[in-house]
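A.B. asks: This is the structure I want to talk about, given as structure tokens.
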Amino acid sequence: MSDSLELIPVSNNLNANSIGLTGQLLNSSGFPSADLLGLPNYRQHVSSFSYPPQTNSDSSLEFIEDVNILGTSIRGIEDYHHYSNFPNSSTSYMETGLGNHIFQDILGESKSDKLANSIIESTLDTLTGETINGTITGTSENDSIDFATLSDVLIVLGSLRADNFTFEHSSNRTVFSGNGNVDFGSGKKDILDLSSFDLRTVNFNLAKPTGGGVIFNPGNGDRVFDAITLTDGSEILFEGIDSIKFADTTIDLSVTPNDPMFKDQWNLHMMGVHNAWGFTTGSKDVLIGVQDTGLGVNSNGAIHDDLLGRTTRYPSNYSDDFFRNVQDENYGPKGTSHGTAVQSIIAANGNNGTGMSGINWDSSVFHIDVLDNNVGDRSVAQATQNMIDKAKEQGQRLVINMSLSNSNGVNPAFEQLVANNVDNALFVISSGNKDVNTISHPSSLAQKYSNVVAVGASWGTRDWYNNEKNPGTRISYANWWGSNYGNGLTLMGPSEVIATSATKTSPDSSVAFSYNDRFNGTSAAAPNVAGVASLVWSANSNLTASQIKQIMSQTAYDLGTKGYDTTYGHGFVNADAAIRRAMAMKFSSTSQNGNQA
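Each residue of the sequence shown is one higher than the one before, starting from 1 at the first, in the UniProt record's numbering.
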């Protein structure tokens with residue numbers, strides 16, 4: 001048993017706003033508006049959509065919800081393994097504003113023996129996003145387009161950039177899988193081009209948390225796809241699409257919160273979070289634990305406004321001690337709150353019209369100061385026990401983020417807690433910033449335990465000095481910092497990203513709350529992955545922590561050498577893909593591959 005503790009909800013005597021997304025019903029042409037926005041849980045309201053919808057004379061709200069369901073997300077998933085057994089496969093084609101992957105079973109249960117041997121590849125300019133030979137942009141230096149035919153199925157995969165997918169009607173079933181869209185904030189979308197068809201001529205079957213959509217295994221594992229059926233009976237399955245272009249209208253599918261900084265949060269777009277939100281924005285079934293420096297607190301006892309409403313603290317262990325020697329690998333004294341930035345990436349309030357969007361808008365957060373050995377600080381073992389006890393008390397799954405390292409090795413008591421909680425606690429830990437071929441402690445536990453995720457850091461399209469980069473590339477600066485790599489590295493997450501800030505200019509100065517436009521290090525990458533993990537578990541709380549790690553590994557976007565490698569682990573995290581995989585597992589007991597869920 002751990003020592004008793006009183007958990008105190010954090011409040012500045014203000015209630016965080018909860019503003020639902022809204023959208024216009026029809027445009028001037030009488031079709032669903034291209035800028036439709038739906039409630040994040042819109043998918044749970046309908047199982048299918050056909051045009052024209054049945055409306056009644058009083059402009060029923062139910063119809064608006066139905067349209068919003070159509071117009072809020074088409075998700076995607078793909079696996080970091082790509083098609084490791086596909087002949088000459090390089091797995092990359094389409095992308096959608098969500099960072100999806102074509103999923104492959106991490107256990108190697110591939111159905112690739114059913115695939116045709118002919119794969120057409122197209123070379124892409126991965127920096128400019130322009131196609132050299134083909135129509136889809138690439139992402140990494142090895143990217144190309146793969147067309148893999150399974151029976152009478154055409155599978156088309158995307159990249160981490162904005163892709164345009166054209167339907168050619170060459171198979172009875174065509175599957176489009178997006179993989180995230182780092183360009184979404186600049187107005188470039190992952191588009192499914194169905195301009196040969198009017199909206200009124202197709203039927204939709206959208207996936208939602210309670211069912212719907214189509215469960216399909218393209219050769220590397222089941223996941224839930226959205227579906228369109230044409231008048232001739234042929235079927236289009238898709239995921240990770242931002243917009244669908246018809247002859248008579250364009251439908252926007254991604255969830256866009258009203259937070260003014262969201263358009264610049266390329267990390268969310270590249271992970272496909274804006275598509276994943278169509279399934280879940282978090283759940284009370286999940287507790288997010290943050291073990292860090294504590295939070296920036298001003299003289300009135302207030303924290304950053306964008307963190308209000310869901311934060312719980314440990315008594316006498318809450319306020320960040322500024323001007324500390326940060327353990328984030330020899331960065332020296334700091335006048336900024338590391339913990340304030342870390343927590344915001346995971347769980348800043350979303351769609352409240354203020355500042356930035358966190359990844360998870362609904363799960364509660366328990367922040368404990370474990371860094372710097374100040375009075376009142378907890379050890380990582382003590383903090384972990386406190387968090388486990390709280391999650392058990394509330395019947396919750398637990399995701400713990402640890403943007404820290406320890407040069408003295410792994411705390412034995414902490415390791416025992418990891419070993420004892422492989423089902424109910426997932427530990428997401430930064431790999432370290434020394435640019436060496438060894439991941440730091442305690443992320444090294446990922447080599448040994450199935451509930452530990454070691455996270456490296458990737459660039460978006462530009463580095464700190466504005467040099468152009470291939471999205472997903474491991475961050476490495478000469479004479480500064482670089483993401484550690486090596487055995488046990490699990491996933492890559494984005495770094496140099498927007499985060500909340502709490503700053504003091506001198507020991508006696510007041511705390512200033514604002515935003516940091518480039519919070520960096522693997523300290524920033526880990527909370528991106530932890531936030532996604534909390535969404536995946538929210539989508540299917542029946543899964544174990546080990547299964548969450550497996551799903552996120554399976555659905556990651558492959559980087560570097562095909563399959564797992566020690567430079568990129570399983571690849572770049574993919575929120576929408578992982579959630580679709582989790583939902584397929586939820587529905588799999590009653591569904592067969594290729595059947596409706």
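Glycine included, each C-beta is placed from N, C-alpha and C at the ideal position.
Among P315, G339, F246, which one has its Cα closest to the Cα of S501?
C.D. replies: G339
A.B. asks: To the nearest angstrom, how far is the alpha carbon of F366 from that of V290?
C.D. replies: 6 Å
A.B. asks: Are there 16 or more other CB atoms within 10 angstroms of the CB of Y314, so buried, or fewer, so exposed?
C.D. replies: So Y314 ends up on the buried side.
A.B. asks: Rounded to whole angstroms, what's the CA-CA distance from V342 to A526? Just pull it up for me.
C.D. replies: 9 Å
A.B. asks: For P87 and D232, what's the separation of their Cα atoms in angstroms?
C.D. replies: Bear in mind that the predicted position of P87 carries a pLDDT of just 26, short of 50, making it unreliable; the figure below should be weighed with that in mind. Those two C-alpha atoms are separated by around 32 Å.
A.B. asks: For R378, write down the residues that DSSP places opposite it in a beta bridge.
C.D. replies: Answer is none; R378 lacks a bridge partner.
A.B. asks: Apart from the five residues just before and just after A584, which ones in its own chain have a Cβ nearer than 6 Å to its Cβ?
C.D. replies: I215, D222, R223, V224
A.B. asks: Who are the Cβ neighbours of residue 600 in its own chain at under 6 Å, not counting the five residues just before and after it?
C.D. replies: Because the chain spans 1 through 597 in this model, residue 600 falls outside it and cannot be assessed.
A.B. asks: So, A524 versus A454, is the Cβ gap smaller than 8 Å?
C.D. replies: no
A.B. asks: Is it true that the CB of A578 sits closer than 8 Å to the CB of L426?
C.D. replies: no
A.B. asks: Measuring straight from C-alpha to C-alpha, what distance separates P471 and S283?
C.D. replies: Per the coordinates, the alpha-carbon of P471 lies some 30 Å from the alpha-carbon of S283.
A.B. asks: In the DSSP assignment, find the beta strand (DSSP E) that holds N516 and state where it starts and stops.
C.D. replies: 512 to 519
A.B. asks: Secondary structure at P527, three-state DSSP: helix, strand or coil?
C.D. replies: Of the three classes helix, strand and coil, the one that applies to P527 here is helix, per DSSP.
A.B. asks: Who are the near neighbours of M492 in its chain, counting only those whose CB is closer than 6 Å to its CB and skipping five residues on each side?
C.D. replies: G456, S458, Y568, F572
A.B. asks: Across the segment 249 to 262 and the segment 371 to 386, are there enough close Cβ pairs to call them in contact, namely three or more that are closer than 8 Å?
C.D. replies: no
A.B. asks: Thinking C-alpha only, which one of A348, I228, K562 is nearest Y515?
C.D. replies: When only C-alpha atoms are compared, the closest one is A348.
A.B. asks: For Q24 and L253, what's the separation of their Cα atoms in angstroms?
C.D. replies: Residue placement at Q24 cannot be trusted, given a pLDDT of 26 that sits under 50; the coordinates are not used to answer.
A.B. asks: For the segment 287 to 302 and the segment 200 to 213, state whether three or more C-beta atom pairs, one from each stretch, are separated by less than 8 Å.
C.D. replies: no
A.B. asks: For the alpha helix (DSSP H) holding K586, just list the boundary residues, first then last.
C.D. replies: Its alpha helix (DSSP H) spans residues 575 to 587.
A.B. asks: Taking the CB atoms as reference points, tell me whether N451 and N487 lie closer together than 8 Å.
C.D. replies: Not a contact, by the Cβ cut-off of 8 Å.
A.B. asks: Which of the three DSSP states is assigned to F262 in this structure?
C.D. replies: helix
A.B. asks: Looking at the strands, I want to know which residues DSSP matches up with S553.
C.D. replies: Its beta-bridge partners do not exist; DSSP assigns none.
A.B. asks: First and last residue of the alpha helix (DSSP H) that includes A347?
C.D. replies: 338 to 347
A.B. asks: Mapping DSSP to helix, strand and coil, what is N317?
C.D. replies: strand
A.B. asks: Counting Cβ pairs closer than 8 Å, one from the segment 392 to 408 and one from the segment 305 to 312, do we hit at least three?
C.D. replies: no
A.B. asks: Rounding to the nearest angstrom, what Cα-Cα distance links G134 and A539 in this structure?
C.D. replies: Residue placement at G134 is flagged as unreliable, the pLDDT there being 24, under the threshold of 50; a coordinate-derived value is accordingly withheld.
A.B. asks: On the criterion of 16 or more Cβ atoms from any shown chain inside 10 Å, does A276 qualify as buried, or is it exposed?
C.D. replies: buried
A.B. asks: What is the DSSP secondary structure of F238, reduced to helix, strand or coil?
C.D. replies: Looking at F238 - three-state DSSP - the assignment turns out to be strand.
A.B. asks: Can you give the beta carbon distance from I359 to V273, rounded, assuming they're within the 8 Å contact cut?
C.D. replies: The C-beta distance from I359 to V273 rounds to 6 Å, short enough to meet the 8 Å contact threshold.
A.B. asks: Are three or more beta carbon pairs between the segment 408 to 418 and the segment 375 to 395 nearer than 8 Å?
C.D. replies: yes
A.B. asks: Given N317, which residues of its chain have a CB within under 8 Å of its CB, disregarding the five upstream and five downstream residues?
C.D. replies: G294, I368, D369, G376, D377, R378
A.B. asks: CA-CA distance, D576 and Q550?
C.D. replies: Their backbone Cα atoms lie some 15 Å apart in a straight line.
A.B. asks: Rounded to whole angstroms, what's the CA-CA distance from K586 to N467? Just pull it up for me.
C.D. replies: 43 Å
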